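Worksheet: the structure to be examined is printed underneath.
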Amino acid sequence: MSPTVLDIADLSSGYGEAIVLRNVSLSIRPGEIFALLGKNGMGKSTLLKTVLGFLPAKRGRIKLFGEDVTALPTHLIARKAIAYTPQEQTLFQDLTVEDNLRLGLRDDRGFAEGLARVSEYFPIVGKRLSQKAGTLSGGEQKMLIVSRALLGSPRLMMIDEISEGLQPSMIQRLTEILLAERKRTGTAIFVVEQNVPFAFSMADRYAVLKIGEIADDGVAGDELAAARVQDQLRV
Amino acid sequence: MADLTTTPATLPRRAFSGRLVPAGSIAGLCIVAVVAGPYFLDSYTVNILVRSFLYAATALTVDILWGYAGILTFGQAAFFGIGAYAAGITFTYMDFSPQTAVLALLAGLAVSAVVAWITGWISFFHRASPLYVAIVTLALPIILVQVLYSGGTFTGSSSGLVGYNTFDLSVEAWFTICGIGLVVLTTAAWFFVNSDFGRLLIAIRENEQRCTYLGINAPRVKILLMVVMAMIASVAGYAYAGYTVVVAPEIGSFVFGTELVMWVALGGRGTLIGPVLGTIAIDVISAYLSGNLPYVWKLIIGSIFVLVIVALPQGIVPVLKTGLRRLWSAATRRDAAPCVAVPALIEAPEGRRAGTGSDAPALNVADLACSYGSLKVLEGVAFKALGSELLGIIGPNGAGKTTLMRCLSDGYERTGGTVAVFGHAIARTPPQGVVGLGIGRSFQTTSLFETLTVAESLRLARYRLDGTRMLSHAPTLALPDSARRVITATGLDRQLAIECRHLSHGMKRALELAMVLALEPSVLLLDEPTAGLTKPERTLIGSILVDLVQREGLCTLIIEHDLDFVREISTRIIVLHQGKVLLDGSVAEVVGSELVRTIYAGGAHQELAP
Amino acid sequence: MTALVLDIVTTAAILFAVASGLLIILGVLKIVNFAHGGFLTIGGYSGLVVTQLGLNAWLAYPAAVVAGIVMGAVVERFVIRPLYDRPLDAILATWGLGIIIGQLITIVFGREIQFVQTPITGATSVFGETYSLYRLFLILAAAAVAGGIAALLNATRLGLEARAVIMNEPLARGLGINSGHVRFVTFCIGAGLASLAGALITPLSSVDPNMGVPWLVNAFMLVLVSSVSLASLAIAALTLGGAQVLVSTFISPVIGGLTIVVLAALLLRIRPAGFGHG
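Chains as they are written, first to last, in the working numbering: chain A, 1 to 235; chain B, 1001 to 1610; chain C, 2001 to 2278.
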């Protein structure tokens, strides 16, 4: 059996002295779509930032494809065939769309092939290559972020609140694309979301984060679970 | 650490006398040494030491500026040069007499003060980079030297002025005078940096931006400090010209300016005694060695300097001191930690709040916009807030909540629209001015001053209203009732002597709130005051806020992620979404709104909502 | 009139060449490199070595670039890298490096002023005005430096990664870019450019161990007012360099030497973004 894509064990993390995540454990298997849900400020982004090495783990360990990456610098973690789309500061605003896309690959090989592929998903991305990313609309910027992540055919995608501010039709389209891409490459997808219907429309399993701890987890796809999670996240 | 159980009122006196006696006795010993020095040292060494003392006094000013206030300056050489040339020129063209001696001294002081003020004005302004002053002060001696060159025969151009009449004093007399002067200056500097004002300088160094939000005009404080330090350097230069009977452009050059910084760095920045001893040691050794090994000696100094900066940024003296202290503690089994003074808390006089009696709304925001390049963060934001209102501001990440706080508290932030506090437009006012209009802002991430104690942090927040002491600690600390309630309710009053970095996260949030309240604001802006707090801590902060709004009629804006908390305490809620006001209404209206639920849950299906 | 215009353009070209290395180091590393003067000096003495060995004068330029890059590599590894989080200390450490470089050169080459051979000598007639060919060559050289940097930034993978690091370092790291490596290469290139500029300016005057220092402050002010943009640097070099030439010609050369510093300081006080957008 191939090793777990992402294996987080007993992880604690935070900013300075403040502890935001407490003893979180979760694992994602190859080809699996895993949804991490929770309200604002519950530690979702902190978890992703710790996995990527932006924040040091205070306790616990993180394994990617069976290898311990807990103390690795960010750029080496990011090179392990994973694609990370952060929630804020997602693009180089003053670089062109093309430059932003190129930065999704480690070198320029395979760019033309990848571009052709993502242009099929998002035709607009291929048409606006020389435009500055900062001048795209909010929705177009999201397409660019996802395109950049898909360009390198990653084995793990980590997507932080991509649905925020998107209209329902666009969210629907995104779900289809991510599912199609999983089918094509077998990538695992780690989605961090507040939007329960979106997350549940594609996730295999889920966990709910509440004040830095996992409050609930299970198999997605069941109406009852969705309702219960929605209840935990309600306004 | 100070004994926390002792009643605060008795501590300051003990602490003060506890520091006065050792400081006085060390200074006394040093004075004995400089009086006795000429009897024990050979005349060459005495001769060199006079110069070293004057250099050390100048290095001391560099240490205060750089080591304490964080102003990296290469310009003190220029002020040394100005003082020296004031003497050289006066004595050359007007001859030496008691009158011209005084005139030269005053001229040097006046020119230095004016030049320092201009330099400060150019270097320190709202949002100036701390690197910038280093460049401006590097240019200063270069400009001075060019001016001296172009002065032709009047300034003696590159060879300077030599052989004028001067004070009729023996080398030994110079030694004693300069030595005593250096001891007195160092002692005064010691009291100065350890005073309340000294803590203010450290606060500005650590986090200038935060200081401006406490109503402290940091640029002005830095300009004043620069002027005073320039005048001291000018006196040292004046004495140098009187003693050596030669002034040349080298003494005002940037090479000397950088040497001063090197001596301070090697001795130990921010220690006073390190730079003084470092300067004397290096200057004396240079005098003996540079004759034999001219370039190699400079190479060695340069290499040690780079090594110290990279590996021992605190300098050599602090390392020696730590070693000595360890020995001392081992020998006497006594805790060598310094005694920290704790002021007694007293009540601040009432009625200094801005805007009381005004009919205008506490806060009036119209058509507010803020964009970074092509990114529009806020657009067309408009609302009014009255006293006694607790306005919750909610919205998803990236809605522009913190940017809104920024635009309300700093006149330079917004790119369009107006903000008025009790009818006064904030226009392009820097944060310290906006505080004066009555706005107090707390920060999302705790931005406290790590090495300041709780009491010192609170005093910092009182600087705008109460001023500060230059050479000592005030025995009392006046706080308004609201701030006192926060610190007693959270137990901070028993931790006044603790440095902020040792506080728990909850205590830090409480201190942050108490500091803002100590400003006696009329409009309170709170950015996630309860982030990362436990449930009981949240409840406590919440009840204090509600009480403040009800009892003191404070207009309060609060950003919060915890909607339950906002619902409990707010009188009204504004929902921001993608930089615009989506909804502005009562708690019931907002909580019942489908729209809000939709954007918050990111497009939740209705049937899933309760 | 023609001579004055040519003086302005050539002065601007020299200033641009001298400041460009400083600019890219400040842009990518956010560090003020006070060893810039030292690197200029290294370039000047590379020219001297070429002269003393009796080699072709044109070899001074590649020699200077290589010397600068090697020196930059050593300095970045041992001095700059530990100081990324302490920008003020980086100023001091690089200043100390400048002293070390100056003293080493003094020990090896002596303290006196020396002259290097010029690859291009003589003068030519421009619109009826006789003008130094070497100064005209410097315009070409500055244009080549500008073109080279622009090509490097805009047409190579390294340039793309450097721009990404300048704009948003955390995001760049999250995409797998080794920002430490980008910094190292940038510092080496910046040092190489500084050294090249040193070799370019020496035929105009002479070399001495402290030749770099007077250039340092002017280069700095130009970089500060140009908000770390090459195009703005060109504008700043033309305007402030032009002012310097005018003041030197019509008022006094001594005051002319201060023009850039004074004007730049005032400009920054009034408009902190300088010639940049902002």
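Cβ atoms here follow ideal geometry from the backbone N, Cα and C, with glycine treated the same way. Predicted model, so just to flag it, every value in this text is computed and none were measured.
- The C-alpha of residue 1033 of chain B lies about 52 Å from the C-alpha of residue 2046 of chain C.
- In summary, residue 1222 of chain B is buried, with 16 or more beta-carbon neighbours lying within 10 Å of its beta-carbon over all protein chains present.
- Counting along the chain, residue 222 of chain A sits inside no beta strand (DSSP E), nor does DSSP assign it H or E at all.
- Your pair residue 1580 of chain B and residue 1365 of chain B does not check out as a contact, with CB atoms roughly 13 Å apart and the cut at 8 Å.
- Under the 8 Å criterion on CB atoms, residue 106 of chain A is classed as interfacial with respect to chain C.
- Residue 133 of chain A sits in a helix when the DSSP states are folded into three classes.
- For residue 27 of chain A, the closest C-alpha among the options A/102, A/47, A/42 is that of A/47.
- Here residue 1522 of chain B is buried. Its C-beta has 16 or more other C-beta atoms within 10 Å.
- At a cut-off of 8 Å between beta-carbon atoms, residue 131 of chain A makes no contact with chain C.
- Residue 185 of chain A: member of the alpha helix (DSSP H) spanning 168-185, first to last residue.
- In this structure, residue 2197 of chain C sits away from residue 2060 of chain C, with a CB-CB distance that is not shorter than 8 Å.
- Bridge pairing for residue 159 of chain A: A/85, A/191 [DSSP].
- Residue 1165 of chain B sits in coil when the DSSP states are folded into three classes, being neither helix nor strand.
- Nearest to residue 15 of chain A by alpha-carbon distance, out of A/33, A/4, A/57, is A/57.
- The Cβ-Cβ distance between residue 134 of chain A and residue 83 of chain A does not fall below 8 Å.
- Contact with chain C is absent for residue 1384 of chain B, since none of that chain's Cβ atoms lies less than 8 Å from the residue's Cβ.
- Using beta-carbon distances, residue 213 of chain A does not count as an interface residue toward chain B, since no partner is under 8 Å.
- Residue 1449 of chain B sits away from residue 1442 of chain B, with the two beta carbons spaced by 8 Å or more.
- One finds 2095 in chain C with Cβ atoms closer than 7 Å to the Cβ of residue 1258 of chain B, taken in chain order.
- Residues are counted here when their Cβ sits less than 9 Å from a Cβ of chain B; for the segment 133-158 of chain A these are 134, 135, 138, given in chain order.
- Exclusion of the five residues before and after residue 42 of chain A leaves 209, 210, 211, 212 as the residues of its chain whose Cβ lies within less than 8 Å of its Cβ.
- The C-beta of residue 2056 of chain C has fewer than 16 other C-beta atoms within 10 Å across all chains shown, which makes the residue exposed.
- Residue environment for residue 219 of chain A: exposed (fewer than 16 other C-beta atoms within 10 angstroms of its C-beta).
- Within the same chain, 2094, 2097, 2098 come within 6 Å of residue 2035 of chain C by CB-CB distance, once the 5 residues on both sides are set aside.
- Cα atoms of residue 2030 of chain C and residue 92 of chain A: separation of roughly 18 Å, rounded to the nearest angstrom.
- Judged by DSSP in its simplified three-state form, residue 1104 of chain B adopts helix.
- Across the structure, residue 68 of chain A and residue 174 of chain A are spaced so that their CA atoms are roughly 31 Å apart.
- Within the segment 2246-2261 of chain C, contact with chain B at the beta-carbon level (separation under 8 Å) is assigned to 2252, 2254, 2255, 2257, 2258, 2261.
- Against chain A, the beta carbon of residue 2175 of chain C has neighbours under 7 Å at 78, 103, 104, listed in chain order.
- Segment contact: the segment 1491-1499 of chain B against the segment 1317-1325 of chain B, fewer than three CB-CB distances shorter than 8 Å; contact not assigned.
- Contact between residue 145 of chain A and residue 90 of chain A is confirmed by a C-beta separation of about 5 Å, below the 8 Å threshold.
- Excluding sequence positions up to five before and after residue 1198 of chain B, its CB lies within less than 8 Å of the CB of 1068, 1192, all in the same chain and listed in chain order.
- With distances taken between CA atoms, residue 1213 of chain B lies nearest to B/1463 out of B/1463, B/1502, B/1506.
- Look at residue 1561 of chain B: its C-beta is under 8 Å from a C-beta on chain A.
- With respect to residue 1385 of chain B, residue 1378 of chain B sits apart: the two C-beta atoms are not nearer than 8 Å.
- At a Cβ-Cβ threshold of 8 Å, residue 1084 of chain B and residue 1247 of chain B count as neighbours.
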